[in-house]
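Undergrad: I have a structure I would like to understand better, so I am pasting it below and will then ask my questions one at a time.
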Amino acid sequence: MAAPLTLVLILSVTIRAVLFRSSLAELISERVEVVSPLNAWKRVVEGLALLDLGVSPYSGDVFHETPLVIYLFHFVVDYAEIVFMIVDGITAVALYLAVQNYNKNVFRKQKYALEADRYPHDCLELMRSPKEMHYIPLKVAMFYLLNPFTILSCVAKSTCGLNNAVMALFILSTLKGSALLSAIFLALATYQSIYPLTLFAPGLLFLLQRLYIPVNPCRSRFWFFTVQYSVMFIGSLLVIVCLSFFLLGSWDFIPSVYGFILSVPDLTPNIGLFWYFFAEMFEHFRFFFICVFQINVFFYTIPLSVKLKEHPVFLIFMQIAIISIFKSYPTVGDIALYMAFLPVWSHLYRFLRNIFLVSCVLLACTALFPVLWHLWIYAGSANSNFYYAITLLFNVGQILLVSDYFYAYLRREHHLSQGLYLRRKDGSEATLVLK
Amino acid sequence: MGLLSDPNRRKAITTARILILNMILVLHGDSVVCYLAGIAWFMGLAFEPFTLRTYMSENAMGSTMVEERFPSGERALATAREFAAHKKKVGGMPVDWLVKTMRAQGLEVFTQSFSRNLPFPDESKERFVVRGTNVYGILRAPRAPRTEALVLSAPCSPGNSNNQAVGLLLGLAQYFRSQIYWAKDIIFLVNEHDLIGVQAWLEGYHHTNITGMGYTPLQGRAGSIQAALSLELNSDVVTSLDLVLEGLNGQLPNLDLANLFHAFCQKLGILCTIQGKLQRSDWDTVEGYTHSAQTMLLMVLKQASGRPWGEHGLFLRYHIEAASIRGVNSFRQYKTDATSIGRLFEGMVRKLNNLLERLHQSYFFYLMPSLTRFVSIGYYMPAFGLLTTILLLRALDLWVHLGTPTPVTEDGVGEGESPSSPGLLSVLTPVVISHLTGVALYTLPVLSQEMAVEHFPVSETEAVVLTAIAIYTAGLALPHNTHRLISGEGTEQGWRVLKLVALLYLAVLLGCTALINFSLGFILAVTLVPAAACVTPHVPKALSAVAMVLLSPGCTILYCVFLFQELQEVPVSLAEGWMLFLSVISQGILDHALYGSLVYPLLALLVYPCWLLFWNILFWK
Chain A
1 MAAPLTLVLI
11 LSVTIRAVLF
21 RSSLAELISE
31 RVEVVSPLNA
41 WKRVVEGLAL
51 LDLGVSPYSG
61 DVFHETPLVI
71 YLFHFVVDYA
81 EIVFMIVDGI
91 TAVALYLAVQ
101 NYNKNVFRKQ
111 KYALEADRYP
121 HDCLELMRSP
131 KEMHYIPLKV
141 AMFYLLNPFT
151 ILSCVAKSTC
161 GLNNAVMALF
171 ILSTLKGSAL
181 LSAIFLALAT
191 YQSIYPLTLF
201 APGLLFLLQR
211 LYIPVNPCRS
221 RFWFFTVQYS
231 VMFIGSLLVI
241 VCLSFFLLGS
251 WDFIPSVYGF
261 ILSVPDLTPN
271 IGLFWYFFAE
281 MFEHFRFFFI
291 CVFQINVFFY
301 TIPLSVKLKE
311 HPVFLIFMQI
321 AIISIFKSYP
331 TVGDIALYMA
341 FLPVWSHLYR
351 FLRNIFLVSC
361 VLLACTALFP
371 VLWHLWIYAG
381 SANSNFYYAI
391 TLLFNVGQIL
401 LVSDYFYAYL
411 RREHHLSQGL
421 YLRRKDGSEA
431 TLVLK
Chain B
1 MGLLSDPNRR
11 KAITTARILI
21 LNMILVLHGD
31 SVVCYLAGIA
41 WFMGLAFEPF
51 TLRTYMSENA
61 MGSTMVEERF
71 PSGERALATA
81 REFAAHKKKV
91 GGMPVDWLVK
101 TMRAQGLEVF
111 TQSFSRNLPF
121 PDESKERFVV
131 RGTNVYGILR
141 APRAPRTEAL
151 VLSAPCSPGN
161 SNNQAVGLLL
171 GLAQYFRSQI
181 YWAKDIIFLV
191 NEHDLIGVQA
201 WLEGYHHTNI
211 TGMGYTPLQG
221 RAGSIQAALS
231 LELNSDVVTS
241 LDLVLEGLNG
251 QLPNLDLANL
261 FHAFCQKLGI
271 LCTIQGKLQR
281 SDWDTVEGYT
291 HSAQTMLLMV
301 LKQASGRPWG
311 EHGLFLRYHI
321 EAASIRGVNS
331 FRQYKTDATS
341 IGRLFEGMVR
351 KLNNLLERLH
361 QSYFFYLMPS
371 LTRFVSIGYY
381 MPAFGLLTTI
391 LLLRALDLWV
401 HLGTPTPVTE
411 DGVGEGESPS
421 SPGLLSVLTP
431 VVISHLTGVA
441 LYTLPVLSQE
451 MAVEHFPVSE
461 TEAVVLTAIA
471 IYTAGLALPH
481 NTHRLISGEG
491 TEQGWRVLKL
501 VALLYLAVLL
511 GCTALINFSL
521 GFILAVTLVP
531 AAACVTPHVP
541 KALSAVAMVL
551 LSPGCTILYC
561 VFLFQELQEV
571 PVSLAEGWML
581 FLSVISQGIL
591 DHALYGSLVY
601 PLLALLVYPC
611 WLLFWNILFW
621 K
């Protein structure tokens, strides 16, 4: 399996290298869909210039990267293109290994359950065969590396690729069962963009499950491990933040990075839901709605964790998707990360109901973004409402996609416990209702 | 969970879907209905009761009164004659004379020289390297901080034409100089070599270089340009004025500019036309309807060509509202003297001078069946929507076929396992090869002209056009067996997947095109949609192949050429039409190279490959 993965890696690096050399690179790095004020390469260069001049990079309102990123690029700025390609490669390999591991576990569990005769008899066709599962990790790597969204993001040198790599490493270390590494990478991801904080719940749930600790508030072992994981997480977060402080010698980065993410002062159009809403709003409602919008991102963690506590990996997927839809400065690179997981759920295909509609919507919106941007900004004949309408549609499409997968997952689980062909008490055919 | 997961609503949707499917499967007629409805809707747009009356939306231009007092039409014509004499003497643009004259009138005068190598010679004007000079004078606004400007331009055309426009421009400059109410700088631009000169001047003014033009930087500039008017007069006697709106890539200026022109023509009693057609009042007769339909179709064809139809066309790209006004001598009884035309311009410029912000109140997306009537985007988009619906219905139909070979149970669970999906490669190969053909069609004609000229007895222009046609034709032979190279026999599933991809591709492509340039999108949809909807490998090959070729993008251009000539009331014979077709292609390629018109790359890189996919399906084995 290593050979095809290498091939995919080589192919994707070639595509990126060609695009880096072409005249398109400059155009792509200006697109608002691909870069946000948080991760634009132009701003990193600006921050580096300020740093070289001995000025705090956070003076002024241009630079919003974390200190670690700027020190990373302080050393490798001349090899930035290679770094971004390598980072994408790391993400893909990490996802590959993680999914391979996950599939192995899934298959093992299914085997035990079959041996224990725990499934209803008409569910045999829902069973997953090693043959179909064999290529899934490769497909995941392909979905990530050859996804146009990832390629665009990489060619624009958006630091979103770095965040994705950290999250992929978090997923890998969690699935491998290493609590310490998992906590460290989670802390790094949180440090980079706050929102991955919501991945704490699935990470914890997975590790608990792996150690056969039931999620039960009355048990001391549960609390012991939870505290242990939290301490590791908070500890590494503190270490990283303090490290940043010592590198920079000031706390400037806290308001400039996290304040910037949370209070959304930059309303440059992007593919998210924030900019138009807050551009239109009266100033004295702003604080209230900022709170509402930001709580919205974090809130889904609670119901989803309760519902999916047996399926932490699916929960990770859901959380990443929710973050990339509702975060304050989303770019297409964020979407690429959760889309890479779609092949993992290919066995849910038969339960998906709106996939055709949703993929048409996403496809059409992707094509319409640049068109409406052109009409608005260059031709001057359309206005921001046109662009925002497409943004809204795009996000509705994503939400439908995610909720469709969620429904399909729950439904399959239900069938696995209740049998595939459900009957009502009177013997007629029953249908499932999700309310 | 709302609409899509509640079983009752789901049932309703499913029922609707089954209904639609039945219509597709059983009747096979709803596509025809949709298509006819789309065409009928579109033709109905020219019927007066279905259109809206134009009205002035811009407050600053509507209620303010201006008086036109321009007195010196005769003197302007005398200046024009002087200009003509100097032009003849110099054998080109009399730069020194223009600079002297403008300076004498108290303008700040500057010149800009430019040069441009054409990729291949322009057939109609026989030029290969273009060198020229633009002269422009700035009248500084006495009453404002000079942050905004208006442009009045007149081309200095070769030969004897358009001298009157330059004369009138100079006359207006002199008159405007003595007025005190200007709040915006006014730039009087006399440019050489028509559009190339304007392009050089605009690029110089905005510090851009998008087309590889060589020019000297501008020495003087005014504020940001709010609006531009371009004047073309070809004779001392003018019977009517024609308004030209269609710009580069089908962009139109704000409708208020057209309203402004019409309002002043009414006020001064000047005959005004659009597309060279007068307004008729008998909309309820057949002739009246035909007349407005012709006017609208002419606008659609001009817009679809993506070519700038006057100097104003290039201003639009820089977010400057602009229109060309063309004096026509159509040998009618009615005559308009230069004084009236001067007053018309004075009035328009004064109203534009009153603007507080850029023109933006009125419509940007519209079609005009006459000068007083317009069709806005909300009215014409359904016509296009009906045509695209066919593609989406077909795609849905194919999706259902692909997903569930066995009947669908109530909420979407298929019974039995899904059939083995065709290899990715069998779909990817035709897609890639079609696009490579498209890239060849885009790049090779210009690249290979030297070689073609060496080996064949043709001129450069002919070489380019004929290479393009040759590649276009060769493309038909090339890709239709390609998928078998890799994946062996094509399967029944294979062509369905390919067709699904191609249908969605075409729908998105046409949708995006129609948003930027409605006319182009609609014309392409009219010819491409029937071919795309009907094609399968199981129809009679020869007949369908002929139909497909007749409905291909290349033939669409040919029909448009004939239709355009017919509508302009200068019908051509087949041979002449063919020659026109060739020149249209060379002009399209030149427009792309010179001004960045997008029609040629769109057709070569996207529409043609997409059509090839359908061609591929026809020959699927």
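Chains A and B, in that order, give the protein sequences. For the first sequence, full-length UniProt numbering assigns the number 1 to the initial residue and increments by one for each residue that follows. For the second sequence, full-length UniProt numbering assigns the number 1 to the initial residue and increments by one for each residue that follows. For every residue, glycine included, the Cβ atom is placed at its ideal position computed from N, Cα and C.
(1) Give me the subset of the segment 365-385 of chain A whose CB atoms are less than 8 angstroms from a CB atom of chain B, sorted by chain position.
(2) Can you confirm whether leucine 363 of chain A, when its beta carbon is compared against all beta carbons of chain B, has any partner nearer than 9 angstroms?
(3) Let me know if alanine 200 of chain B comes out buried or exposed under the rule of 16 or more other beta-carbons within 10 Å of its beta-carbon.
(4) Opposite leucine 367 of chain B in the DSSP bridges: which residues?
(5) So is phenylalanine 356 of chain A in contact with chain B if we call contact Cβ pairs under 9 angstroms?
(6) Look at residue 654 of chain B and leucine 371 of chain B and say whether their C-beta atoms are less than 9 angstroms apart.
(7) Is leucine 257 of chain B near cysteine 265 of chain B, with beta carbons less than 9 angstroms apart?
(8) Per DSSP, leucine 229 of chain B forms a beta bridge with which residues?
(9) With a cut-off of 9 angstroms, does the C-beta of cysteine 123 of chain A fall near any C-beta of chain B?
(10) Rank A/Leu372, A/Asn354, A/Gly397, A/Ile261 by C-alpha distance to the C-alpha of serine 36 of chain A and give the top, closest one.
(11) Taking the beta strand (DSSP E) that asparagine 191 of chain B belongs to, which residues open and close that run?
(12) Are aspartate 122 of chain A and glycine 419 of chain A touching if we call contact CB-CB under 9 angstroms?
(13) Among B/Ile187, B/Gly197, B/Glu192, which residue has its Cα nearest to the Cα of arginine 221 of chain B?
(14) Quick one: what does DSSP say lysine 621 of chain B is sitting in, helix, strand or coil?
(15) DSSP has arginine 219 of chain A in a bridge; who is on the other side?
(16) From arginine 496 of chain B to leucine 45 of chain B, what distance separates their C-alpha atoms?
(17) In the DSSP output, which residue or residues are listed as bridge partners for residue 625 of chain B?
(18) Mind checking if leucine 603 of chain B is an interface residue toward chain A, Cβ cutoff 9 angstroms exclusive?
(19) Would you call the segment 388-396 of chain B in contact with the segment 525-541 of chain B, where contact means no fewer than 3 C-beta pairs closer than 8 angstroms?
(20) Does tryptophan 399 of chain B have its Cβ less than 9 angstroms from a Cβ in chain A?
(21) What do you reckon, are the CB atoms on valine 549 of chain B and isoleucine 39 of chain B nearer than 9 angstroms?
(22) Cysteine 360 of chain A versus chain B: which residues are under 7 angstroms apart at the beta carbon?
(23) Quick one, are the C-beta atoms of serine 586 of chain B and asparagine 249 of chain B less than 9 angstroms apart?
(24) Quick check on lysine 309 of chain A: does DSSP put it in helix, strand or coil?
(25) Going by Cα to Cα distance, which pick from B/Met451, B/Pro445, B/Leu582, B/Ile433 is closest to leucine 606 of chain B?
(26) If you draw a straight line from the C-alpha of serine 573 of chain B to the C-alpha of tryptophan 611 of chain B, how long is it?
(27) Consult DSSP for lysine 327 of chain A and reduce its assignment to one of helix, strand or coil.
(28) Note down, in chain order, every chain A residue with its Cβ under 7 angstroms from the Cβ of histidine 319 of chain B.
(29) In chain A, which residues lie with their C-beta within 7 angstroms of the C-beta of valine 508 of chain B?
(30) Proline 330 of chain A and asparagine 270 of chain A: beta carbons closer than 9 angstroms?
(31) In the segment 353-385 of chain B, which residues sit with their C-beta less than 7 angstroms from some C-beta in chain A, listed in chain order?
(32) Flag this pair as yes or no: are the beta carbons of isoleucine 90 of chain A and alanine 168 of chain A separated by less than 9 angstroms?
(33) With three or more beta-carbon pairs closer than 8 angstroms as the criterion, would you say the segment 66-84 of chain A touches the segment 105-115 of chain A?
(34) Taking the beta strand (DSSP E) that threonine 14 of chain A belongs to, which residues open and close that run?
(35) List the endpoints of the continuous beta strand (DSSP E) containing glutamate 357 of chain B.
(36) What are the complete alpha helix (DSSP H) segments, minimum 4 residues, inside the segment 96-134 of chain A?
TA: According to the structure data:
(1) So the close ones are Ala367, Leu368, Val371, Leu372, His374, Leu375, Tyr378, Ala379, Gly380, Ser381, Ala382.
(2) As a position in the first sequence, residue 363 of chain A is number 363, starting the count at 1. By this cut-off, leucine 363 of chain A is an interface position.
(3) Here residue 200 of chain B corresponds to residue number 200 of the second sequence, with the count starting at 1. The residue is buried, with at least 16 neighbouring Cβ atoms inside 10 Å.
(4) Your numbering for residue 367 of chain B matches position 367 in the second sequence. In the DSSP output, where bridge partners are listed per residue, leucine 367 of chain B has B/Val375.
(5) If you number the first sequence from 1, residue 356 of chain A lands on position 356. At least one CB of chain B lies nearer than 9 angstroms to the CB of phenylalanine 356 of chain A.
(6) In this structure chain B extends from 1 to 621, so residue 654 of chain B is not present and cannot be described.
(7) In the second sequence, residue 257 of chain B corresponds to position 257, counting from 1. In the second sequence, residue 265 of chain B corresponds to position 265, counting from 1. With contacts defined by Cβ atoms closer than 9 angstroms, leucine 257 of chain B and cysteine 265 of chain B do not form a contacting pair.
(8) Start at 1 with the first residue of the second sequence, and residue 229 of chain B comes out as number 229. Paired residue(s): B/Leu152, B/Ala323.
(9) Here residue 123 of chain A is taken as the residue at index 123 of the first sequence, counted from 1. No, because no Cβ of chain B sits closer than 9 angstroms to the Cβ of cysteine 123 of chain A.
(10) In the first sequence, residue 36 of chain A corresponds to position 36, counting from 1. For the residues A/Leu372, A/Asn354, A/Gly397, A/Ile261, the minimum Cα distance to serine 36 of chain A belongs to A/Ile261.
(11) For the purposes of this step, residue 191 of chain B is identified with residue 191 of the second sequence, where counting begins at 1. Counted as a single uninterrupted DSSP element, the beta strand (DSSP E) harbouring asparagine 191 of chain B occupies residues 185-192.
(12) Counted from its first residue, the first sequence places residue 122 of chain A at position 122. Counted from its first residue, the first sequence places residue 419 of chain A at position 419. Glycine 419 of chain A sits close to aspartate 122 of chain A, with the two beta carbons spaced by under 9 angstroms.
(13) Indexing the second sequence from 1 puts residue 221 of chain B at position 221. Here the closest residue by C-alpha is B/Ile187.
(14) Here residue 621 of chain B is taken as the residue at index 621 of the second sequence, counted from 1. Lysine 621 of chain B falls in the coil class under three-state DSSP.
(15) The residue labelled residue 219 of chain A in the question sits at position 219 within the first sequence. Arginine 219 of chain A pairs with nothing; no bridge assigned.
(16) Against the second sequence, residue 496 of chain B aligns to sequence position 496. Against the second sequence, residue 45 of chain B aligns to sequence position 45. If you draw a straight line from the Cα of arginine 496 of chain B to the Cα of leucine 45 of chain B, it comes to about 36 angstroms.
(17) Outside the shown range of chain B (1 to 621) lies residue 625 of chain B, about which nothing can therefore be said.
(18) As a working mapping, residue 603 of chain B is identified with position 603 in the second sequence. No, leucine 603 of chain B lies away from the interface with chain A (no Cβ there is under 9 angstroms from its Cβ).
(19) With a cut-off of 8 angstroms on Cβ pairs, the segment 388-396 of chain B is in contact with the segment 525-541 of chain B, counting three or more such pairs.
(20) What you label residue 399 of chain B is simply residue 399 of the second sequence in a count that begins at 1. The beta-carbon of tryptophan 399 of chain B is placed less than 9 angstroms from the nearest beta-carbon of chain A.
(21) Your numbering for residue 549 of chain B matches position 549 in the second sequence. Your numbering for residue 39 of chain B matches position 39 in the second sequence. Not closer than 9 angstroms, so no.
(22) Against the first sequence, residue 360 of chain A aligns to sequence position 360. Under the 7 angstroms cutoff, chain B gives Leu504.
(23) Position 586 of the second sequence holds residue 586 of chain B. Position 249 of the second sequence holds residue 249 of chain B. For serine 586 of chain B and asparagine 249 of chain B, no; Cβs fall outside 9 angstroms.
(24) Your numbering for residue 309 of chain A matches position 309 in the first sequence. Looking at lysine 309 of chain A - three-state DSSP - the assignment turns out to be coil, as it is neither helix nor strand.
(25) By 1-based counting over the second sequence, the position of residue 606 of chain B is 606. Minimum Cα distance to leucine 606 of chain B is reached at B/Ile433.
(26) Here residue 573 of chain B refers to the residue found at position 573 of the second sequence. Here residue 611 of chain B refers to the residue found at position 611 of the second sequence. Those two C-alpha atoms are separated by around 29 angstroms.
(27) Within the first sequence, the letter at position 327 stands for residue 327 of chain A. Of the three classes helix, strand and coil, the one that applies to lysine 327 of chain A here is coil, per DSSP.
(28) Numbered from 1 along the second sequence, position 319 holds the residue referred to as residue 319 of chain B. Going along chain A in sequence order, the residues near histidine 319 of chain B (Cβ under 7 angstroms) are Gly380.
(29) Residue 508 of chain B sits at position 508 when you count from the first residue of the second sequence. Neighbours of valine 508 of chain B in chain A, taken as residues at a C-beta separation under 7 angstroms, are given in chain order as Leu363, Ala364, Ala367.
(30) Taking the first sequence and counting its residues from 1, one reaches residue 330 of chain A at position 330. Taking the first sequence and counting its residues from 1, one reaches residue 270 of chain A at position 270. Contact: yes.
(31) Those would be Phe364, Phe365, in chain order.
(32) Taking the first residue of the first sequence as 1, we reach residue 90 of chain A at position 90. Taking the first residue of the first sequence as 1, we reach residue 168 of chain A at position 168. Their beta carbons are under 9 angstroms apart, which means isoleucine 90 of chain A touches alanine 168 of chain A by this criterion.
(33) Counting Cβ pairs under 8 angstroms, fewer than three are found: no touch.
(34) Sequence index remark: in the first sequence, residue 14 of chain A carries index 14 (1-based). Counting along the chain, threonine 14 of chain A sits inside no beta strand (DSSP E); it lies in the alpha helix (DSSP H) bounded by residues 2-21.
(35) The residue labelled residue 357 of chain B in the question sits at position 357 within the second sequence. Premise fails: glutamate 357 of chain B is in no beta strand (DSSP E) and is neither H nor E.
(36) Along the length of the segment 96-134 of chain A, whole alpha helix (DSSP H) runs at least 4 residues long occupy 130-134, reported in chain order.
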